[in-house]
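J.: Below is one structure. I have some questions about it.
Chains as they are written, first to last, in our numbering: chain C, 1 to 355; chain E, 1 to 285; chain W, 1 to 270.
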């Protein structure tokens, strides 16, 4: 019998208004012990507000926050035992790296000798063993990032919060740091909540993703679930690239587009008459033999992306479909105007309610 | 699960703002008791039993009206002088590089930090009948009789302009520093002459600084006491000098209070005018 | 081509005119300060220029005269107390105005700057009337109160500006790491705005030390240095004043140098 996973953080009905704006509209969230959960959404979605509520810099108008079982809704940040990495690192410029990292230990009255030992351990953990005596401004962006991380974990918090920490880094460094943070989090078995607007980052880093829109939780699930089965149009649009068609369900298990094109629906689709959206990821279709083709059209656009190539196919009714296939470079690519027929498994198609 | 509202947490919720308010309280009380209270009491003194007799005297008696107008006039002279002297200096400083900037700043800041009294005394030494300036001009044969530069409006204007010049230079400098040199170059590239660039592009861009400086200097001028008292020798009655006289010499409290109220009203009016004209954000630092 | 050459020449002419004008104005700005030095060393009791001989007698007259020293000491005392009081009150007020959100904050902001706007003479007679009624005239503590009221706006402006440009995230970081708000301010914010605190204190000190009008009304017969200087100038122009002036100028310069070493900015925030 499997046990229910231990909950490190529980948010219940968090609501926060700023004047007339609803920043958070009744958000419920459970974060499991040891998992990395990402709050993903565009600006204004409420993800940063939610993080601040968890950290204690904002207090919800309604709702509660429980950390390791304790109700911390109204507790000040200092009492929450949460480590936080800020967007611009917020390192103290007038203190050395070692003093920065020692700060939370000082606040907890850890004796000198042990403090020094733990600071040294933390520095080793983020691979900056010799940098203790330097000032933050003498370090590169990536190094500052790692110091901020070390400072946030050195005192063994029960939760780690990261507020879009990689925004200021260039692409290569960002990828490096993403993996490092993930490794660190797994190694220390830390529960972590990560905030970002970058969906790729979310897919790379997370155990689960919470997609937020306009102050509400749109969908909560693993990266695979979110990617393959988005719950609504917003999530579908936000994550990855996809084909989205509006269609109406007709008898016989088909959906009909406005152009008249009929597409077989997977099991569990709603009954005839419903308006739905059909979602098909561009990498799922395969070239079809004549009999199996679900979509028959001509290539109107080709985009070469190095290891993949994207074709935009348009059928006789004017409907366009994007497919993306790996391109090994051996066979000649298709040309503009070529006919292309594709098909897919019924289960590759995902339907969502049309809003 | 129905989300519960959080009762009894009012203090926790508003803790930060409440402590902020608390932090302001000592200064607030201090200002209330030691600034606003005396001013209110003074104002009360100007209206004995609610009568406006002092104000009537201040605003209709020819003698005092004269003083008020003279004050406004002298302030205008001082402001004009400061603008004329200060605009080019601010321009120079705004374009100066490190060493020249430092040197220029010292020339402006050192007098600024020196006591008004010391500076006014220095001017008395320079401008007197037997002062340095007259001595030099007489010896050089440029004039025959010493120029009357003290105990008259000229001396007062010179002295006040000296004290208030930094107040014109700093706002101008702040605005000029922000002007993008590329704009001037672009205009020249389009065929504008130096004068046109100045008149049509540069000067209008400096206008907020000009207005700020002019307002500041004007307002400070009308309330001046020390310099007109010393360099004017009693012959240049500005309203500040008059108020002091009414209190120390004539013990005429009610009237002095009325004069003060008039001065204050004029000051606040000019400031209000500036805020309306400048309207947006005017950062001077 | 010709136009450009003409333009370049014309521009150079304007440049020289600008430099000449600036030189003139700089000369104008320094003149009274410079003049005071030789006068203070003159051997003559009259304002003679150039001085007939050189002598230290006026410095002697200043330093050996108990009334002058008394006045100087009083001014220093008053200025020191004003500095401490104004910096403490003003800094707390600045924090409140920059960080807090409460009703009436905007008005409080305006109110705290009022002493800069109202002419000093008006305030002086107002506070003189009140203190005379309370029989506080002549006490140096009364002068401290009057000076503090005028120094607070300077502190609020300078410290306020520093706080506004300070990255609050650092305070938040400190709090998330276990510091209470007060501790976070003490360990993280204040050390970093120290240059501004020093500037503000310096400004408060100078504004009090040099101040004449309030001191004139509230000091009575217990004079501060500026009051004694003023009386001296009005009654007789004796070069002792020049010596005192030189001492003041030197003092200000020394303090300015010390303060700029402590890392403060030069331009005042007005």
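Just so you know, even glycine gets a beta-carbon here, dropped at the ideal spot from N, CA and C. All of these numbers come straight from a predicted model, not from anything done at the bench.
1. Pull the bridge partners of residue 154 of chain E from the DSSP assignment, please.
2. Spatial neighbours of residue 290 of chain E within its chain, please: C-beta separation below 6 Å, excluding the five flanking residues on both sides.
3. Using a Cβ cut-off of 9 Å (strictly closer), state whether residue 1 of chain E contacts chain C.
4. Of all the beta strand (DSSP E) runs that stay within the bounds of the segment 174-210 of chain C, which reach a length of 3 or more residues?
5. Residue range of the beta strand (DSSP E) that residue 112 of chain W falls in?
6. Just verifying my parser: in three-state terms, what is the DSSP assignment at residue 235 of chain W?
7. Could you tell me whether the Cβ atoms of residue 326 of chain C and residue 304 of chain C are closer together than 9 Å?
8. For the alpha helix (DSSP H) holding residue 150 of chain C, just list the boundary residues, first then last.
9. Less than 9 Å between CB atoms is the rule here; does residue 82 of chain C satisfy it with respect to chain W?
10. Which chain C residues sit within Cβ distance under 7 Å of residue 275 of chain W?
11. Just the Cα atoms here: how many angstroms apart are residue 53 of chain W and residue 43 of chain W?
12. If residue 188 of chain W sits next to residue 155 of chain C, beta carbons under 8 Å apart, how far is it from one beta carbon to the other, in whole angstroms?
13. Note down, in chain order, all residues in the segment 67-81 of chain C with a beta-carbon under 9 Å from any beta-carbon belonging to chain E.
14. For residue 60 of chain C, is the classification buried or exposed, using 16 other Cβ atoms within 10 angstroms of its Cβ as the cut-off for buried?
15. Using only alpha-carbon positions, find the residue among E:40, E:28 and E:151 that is nearest to residue 264 of chain E.
16. Establish whether the CB of residue 18 of chain C and some CB of chain W are separated by less than 9 Å.
17. If you follow the alpha helix (DSSP H) that residue 97 of chain C is in, where does it begin and where does it stop?
18. Please tell me whether residue 209 of chain W has its Cβ less than 9 Å away from any Cβ of chain E.
19. May I ask you to list the residues that DSSP assigns as paired with residue 310 of chain C?
20. Name, please, each residue of chain E whose Cβ falls closer than 7 Å to the Cβ of residue 99 of chain W.
21. Quick check: the segment 20-38 of chain E against the segment 218-235 of chain E, are at least 3 beta-carbon pairs closer than 8 Å?
22. Among residues of its own chain, excluding the 5 on either side of residue 336 of chain C, which ones have a beta-carbon nearer than 7 Å to its beta-carbon?
23. Short of 7 Å in beta carbon distance, which residues of its chain neighbour residue 211 of chain E, apart from the five on each side in sequence? Order them along the chain.
24. Using beta carbons (cut-off 9 Å, strictly below), is residue 23 of chain C in contact with chain W?
25. Which residues does DSSP pair with residue 353 of chain C in a beta bridge?
26. Kindly list, in the order they appear in chain W, the residues whose Cβ is closer than 8 Å to that of residue 358 of chain C.
27. Let me know the secondary structure DSSP gives residue 52 of chain E once reduced to three states.
28. Can you give me, in chain order, the residues of the segment 31-61 of chain W that have a beta carbon less than 7 Å from any beta carbon in chain E?
29. Under 8 Å, CB to CB, which of the residues in the segment 152-178 of chain W have a partner in chain C?
30. Residue 180 of chain W touches chain C at which residues, Cβ-Cβ below 8 Å?
31. Quick one: what's got a C-beta closer than 8 Å to residue 243 of chain W's C-beta in the same chain, skipping five residues either side?
32. Determine the contact status of residue 29 of chain W and residue 165 of chain E, defining contact as a CB-CB distance below 9 Å.
33. Between the segment 20-33 of chain C and the segment 215-228 of chain C, do at least 3 Cβ pairs fall closer than 8 Å?
34. From residue 177 of chain E to residue 94 of chain E, what does the alpha carbon distance come to, in whole angstroms?
35. If you compare alpha carbons, which of C:245, C:74, C:11 and C:226 is closest to residue 275 of chain C?
36. Pull up the DSSP beta-bridge partners for residue 341 of chain C, would you.
T.: Well, looking at it:
1. Here residue 154 of chain E corresponds to residue number 154 of the second chain, with the count starting at 1. Looking at the DSSP assignment, residue 154 of chain E forms no beta bridge with any residue, so it has no partner.
2. No answer is possible for residue 290 of chain E: it lies beyond the span of chain E, which begins at 1 and ends at 285.
3. In the second chain, counting from the first residue as 1, residue 1 of chain E sits at position 1. Reliability of the predicted coordinates at residue 1 of chain E is poor, the pLDDT of 40 falling under 50, and no value is obtained from them.
4. Correct list: 192-196.
5. Locating residue 112 of chain W in the third chain gives position 112, counting from the first residue. In the DSSP assignment, residue 112 of chain W falls outside any beta strand (DSSP E) and lies within the alpha helix (DSSP H) extending over 105-117.
6. To locate residue 235 of chain W, count along the third chain from 1; it is residue 235. DSSP places residue 235 of chain W in helix when its eight states are reduced to three.
7. Start at 1 with the first residue of the first chain, and residue 326 of chain C comes out as number 326. Start at 1 with the first residue of the first chain, and residue 304 of chain C comes out as number 304. Taking the C-beta atoms as reference points, residue 304 of chain C is found no nearer than 9 Å to residue 326 of chain C.
8. Looking up residue 150 of chain C in the first chain gives position 150. Unbroken alpha helix (DSSP H) run through residue 150 of chain C: 141-153.
9. Indexing the first chain from 1 puts residue 82 of chain C at position 82. Chain W, which has a Cβ nearer than 9 Å to the Cβ of residue 82 of chain C, makes this yes.
10. What the structure shows of chain W is the stretch from 1 to 270, and residue 275 of chain W is not part of that stretch, so it cannot be assessed.
11. The residue given as residue 53 of chain W occupies position 53 in the third chain. The residue given as residue 43 of chain W occupies position 43 in the third chain. Their backbone Cα atoms lie some 5 Å apart in a straight line.
12. Against the third chain, residue 188 of chain W aligns to sequence position 188. Against the first chain, residue 155 of chain C aligns to sequence position 155. So it is not a contact: roughly 17 Å between Cβ atoms.
13. 73, 74, 75 and 76
14. Numbered from its first residue, the first chain carries residue 60 of chain C at position 60. Buried, by the Cβ-count rule.
15. For the purposes of this step, residue 264 of chain E is taken as residue 264 along the second chain, with counting starting at 1. Considering only alpha carbons, the answer is E:40.
16. To locate residue 18 of chain C, count along the first chain from 1; it is residue 18. Proximity of residue 18 of chain C to chain W, defined by a Cβ-Cβ separation below 9 Å, is not satisfied.
17. What you label residue 97 of chain C is simply residue 97 of the first chain in a count that begins at 1. 97-107 is the extent of the alpha helix (DSSP H) around residue 97 of chain C.
18. The residue given as residue 209 of chain W occupies position 209 in the third chain. Closer than 9 Å to some Cβ of chain E, the Cβ of residue 209 of chain W qualifies, so yes.
19. If you number the first chain from 1, residue 310 of chain C lands on position 310. Answer by DSSP bridge pairing, in chain order: C:303 and C:324.
20. Residue 99 of chain W sits at position 99 when you count from the first residue of the third chain. Correct list: 20.
21. Verdict: no, contact absent.
22. Residue mapping note: residue 336 of chain C aligns to position 336 of the first chain, counting from 1. Correct list, in chain order: 299 and 302.
23. Within the second chain, the letter at position 211 stands for residue 211 of chain E. 274, 277 and 278.
24. Translated into positions along the first chain, residue 23 of chain C becomes position 23. With 9 Å as the cut-off, residue 23 of chain C does not count as an interface residue toward chain W.
25. Here residue 353 of chain C corresponds to residue number 353 of the first chain, with the count starting at 1. In the DSSP output, where bridge partners are listed per residue, residue 353 of chain C has C:276.
26. Any answer about residue 358 of chain C is impossible in this case: the structure gives chain C only from 1 up to 355.
27. To locate residue 52 of chain E, count along the second chain from 1; it is residue 52. Coil, per DSSP.
28. 31, 32, 33, 35, 36, 39, 47 and 49
29. When CB distances to chain C are screened at a threshold of 8 Å, the residues of the segment 152-178 of chain W falling below it are 167, 169, 170, 172, 173, 174, 175, 176, 177 and 178, in chain order.
30. Within the third chain, numbered from 1, the residue matching residue 180 of chain W stands at position 180. Under the 8 Å cutoff, chain C gives 76 and 78.
31. Looking up residue 243 of chain W in the third chain gives position 243. Answer for residue 243 of chain W: 40, 58, 59, 61 and 62, listed in chain order.
32. For the purposes of this step, residue 29 of chain W is identified with residue 29 of the third chain, where counting begins at 1. For the purposes of this step, residue 165 of chain E is identified with residue 165 of the second chain, where counting begins at 1. Contact: yes.
33. yes
34. Numbered from its first residue, the second chain carries residue 177 of chain E at position 177. Numbered from its first residue, the second chain carries residue 94 of chain E at position 94. Cα to Cα, the separation comes out at about 5 Å.
35. In the first chain, residue 275 of chain C corresponds to position 275, counting from 1. It is C:245.
36. As a position in the first chain, residue 341 of chain C is number 341, starting the count at 1. For residue 341 of chain C, which the question treats as bridged, DSSP gives the partners C:296.
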